[in-house]
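Q: Numbering (the UniProt record's numbering), first residue to last: 1 to 143.
A virtual CB, placed ideally from N, CA and C, is assigned to each residue, including glycine.
Quick one: the structure is below, questions incoming.
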């Protein structure tokens, strides 16, 4: 079962409004303040924490979560109360993140996840980590 929500994922643990840069498939949250006047190519959008959305859907268990928010992926993940939600597997983009993919990987390892694989494409169409929760698949010893 899948659900769609007409909102962005918040980078804060509470709802907020942000300016969103509309740029086809690489649109993203802008540094412009939501209170600023209308700027061409930008729109004010409502953002909600993932946890709030899941609670509204009466769901705290997710089999697969795909996150690709053009550079704000780690910030979105940091809003999740990991002790209250059950996410088994995730794909998370790392390409546009200023913190770097090492920081993302370390954060997820601290939350009890392991990188299953790294999915990349030469033209940067894919730059994702696939994570699984450690209790889902036993760790494979490294050679």
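Can you tell which of 50, 91 and 42 has the C-alpha that lies nearest to the C-alpha of residue 67?
A: Closest by alpha carbon: 91.
Q: Of the residues 72, 76 and 70, which one's Cα is nearest the Cα of residue 51?
A: Comparing Cα-Cα distances from residue 51 to each of 72, 76 and 70, the minimum goes to 76.
Q: Three or more C-beta pairs closer than 8 Å, one from the stretch 106 to 116 and one from the stretch 125 to 132: is that the case here?
A: The stretch 106 to 116 vs the stretch 125 to 132: in contact.
Q: Quick one: measure Cβ to Cβ for residue 136 and residue 88, integer angstroms, because I've assumed they're closer than 8 Å.
A: The pair is a contact, with the Cβ atoms about 5 Å apart (cut-off 8 Å).
Q: I'd like the ranges of any beta strand (DSSP E) spanning at least 3 consecutive residues and lying wholly in the UniProt domain "Methyltransferase FkbM" (30 to 114).
A: Correct list: 42 to 48, 61 to 67 and 86 to 93.
Q: Leaving out the 5 sequence neighbours to the left and right, which residues in its chain are closer than 7 Å to residue 122 when beta-carbon positions are compared?
A: Result list for residue 122: empty, nothing under 7 Å.
Q: Label residue 93 either buried or exposed according to how many other C-beta atoms from any shown protein chain fall within 10 Å of its C-beta, with 16 as the threshold for buried.
A: The residue in question, residue 93, is buried, as its Cβ has 16 or more Cβ neighbours within 10 Å.
Q: Residue 18 lies in the beta strand (DSSP E); which residues open and close that run?
A: Its beta strand (DSSP E) spans residues 16 to 21.
Q: From this set, 4, 72 and 69, which residue's C-alpha is nearest residue 57's C-alpha?
A: It is 4.
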